[in-house]
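S.K.: Please see the structure below; I have some questions.
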Ligand SMILES: [Zn+2]
């Protein structure tokens with residue numbers, strides 16, 4: 006279980022769990038289809054010297070084991086996240102001086118002599134390939150890292166900010182503007198019409214031709230319900246009846262919280278906006294197009310729809 010905490014508690018037993026990132030990609034070890042957290046300085050036999058160098062401000066791999074003699078890996082950021090299973094949990098951002106030293110990581114370990122199986126992967130691509138709790142905390146790590154990196158300077162006056170010692174924030178010593186990690190709420194909705202669900206193909210996903218439920222970001226001053234109605238009207242020209250809360254899911258790509266709803270169709274014919282949505286239609290449970298992967302709240306909504314129509318064919 007993970008508990009948020011901005012401040013490192015007094016030393017406790019057990020090695021810390023560390024999420025190593027390069028840019029927005031997490032360092033993992035691939036074992037078949039599954040991914041595990043990896044330590045760039047652990048011996049290649051994986052026998053577990055872990056995290057001994059984390060916390061230093063600059064570490065050279067050659068100086069801390071020499072496994073990557075040609076590589077220069079630096080710690081540029083090291084942030085405490087909280088406690089994971091009663092052990093401290095941190096996120097560490099790495100930077101490499103020599104891109105070539107990353108080749109074994111990029112290729113999933115098949116290249117290079119270390120045979121490490123190390124790889125840098127976007128956490129979105131780890132959905133379903135990593136322990137759920139660990140992946141969730143990887144999302145926390147990614148968001149906290151992104152926030153810290155993006156608020157080094159005050160957005161109002163440009164002064165260098167200072168990290169708080171009592172809470173997760175960065176403040177400007179000149180004008181006192183304080184920046185907290187930002188969460189951007191977005192709604193996602195399954196629009197239902199009898200035994201059919203509205204699914205749309207987004208222009209951004211041209212390559213995959215996946216159809217999904219509609220989604221959109223909440224505008225300033227807007228309630229979630231207003232957002233649901235507006236987005237559905239804007240994107241497919243459908244007016245909604247009753248809206249019901251379904252579930253929520255952190256979506257750290259980079260900083261969203263998805264709030265899922267189901268909604269009843271009220272009136273209108275589908276007319277796509279042509280900008281965001283390329284194609285949309287009503288689908289029954291037996292004739293679904295390509296849909297999003299497991300691990301997404303969109304998929305949960307669609308699975309719920311299929312199940313509800315299979316069980317008793319009733320409305321939600
Ligand atoms: Zn300022």
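Numbering (our numbering), first residue to last: 6 to 321. We put the beta carbon where it would ideally sit given N, CA and C, even for glycine.
Opposite residue 255 in the DSSP bridges: which residues?
M.R.: Answer by DSSP bridge pairing, in chain order: 262.
S.K.: Which value, in whole angstroms, describes the spacing of the CA atoms of residue 281 and residue 306?
M.R.: If I take the Cα positions, the gap works out to 21 angstroms.
S.K.: Applying the 10 Å Cβ sphere with the 16-neighbour rule, what's the burial state of residue 218?
M.R.: Buried.
S.K.: Going by the CB atoms, is the gap between residue 89 and residue 7 shorter than 8 angstroms?
M.R.: Yes. Within cutoff.
S.K.: How big is the Cα-Cα spacing for residue 41 and residue 32?
M.R.: For residue 41 and residue 32, the distance between alpha carbons rounds to 9 angstroms.
S.K.: Measuring straight from C-alpha to C-alpha, what distance separates residue 260 and residue 192?
M.R.: Using only the alpha carbons, I get a separation of about 13 angstroms.
S.K.: Can you list the residues near ligand 1, meaning Cβ strictly closer than 5 angstroms to any non-hydrogen atom, in the order they appear in the chain?
M.R.: Those satisfying the condition are, in chain order, 159, 161, 162, 164, 177, 179, 180 and 182.
S.K.: Mark residue 148 as exposed unless 16 or more other C-beta atoms lie within 10 angstroms of its C-beta, in which case mark it buried.
M.R.: By the 10 Å Cβ count, residue 148 comes out buried.
S.K.: Measure the alpha-carbon distance for residue 254 versus residue 131 and round it to whole angstroms.
M.R.: Going from the Cα of residue 254 to the Cα of residue 131 covers about 16 angstroms.
S.K.: In chain order, what residues of the same chain lie with their CB nearer than 7 angstroms to the CB of residue 303, ignoring the 5 residues before and after it?
M.R.: The answer, listed in chain order, is 193, 217, 218 and 297.
S.K.: Spatial neighbours of residue 258 within its chain, please: C-beta separation below 7 angstroms, excluding the five flanking residues on both sides.
M.R.: 129.
S.K.: Can you tell me whether residue 233 is helix, strand or coil according to DSSP?
M.R.: The answer is helix: DSSP assigns residue 233 an H, G or I state.
S.K.: Whole angstroms is fine: what's the gap from residue 206's alpha carbon to residue 237's?
M.R.: If you take the alpha carbons of residue 206 and residue 237, they lie about 14 angstroms apart.
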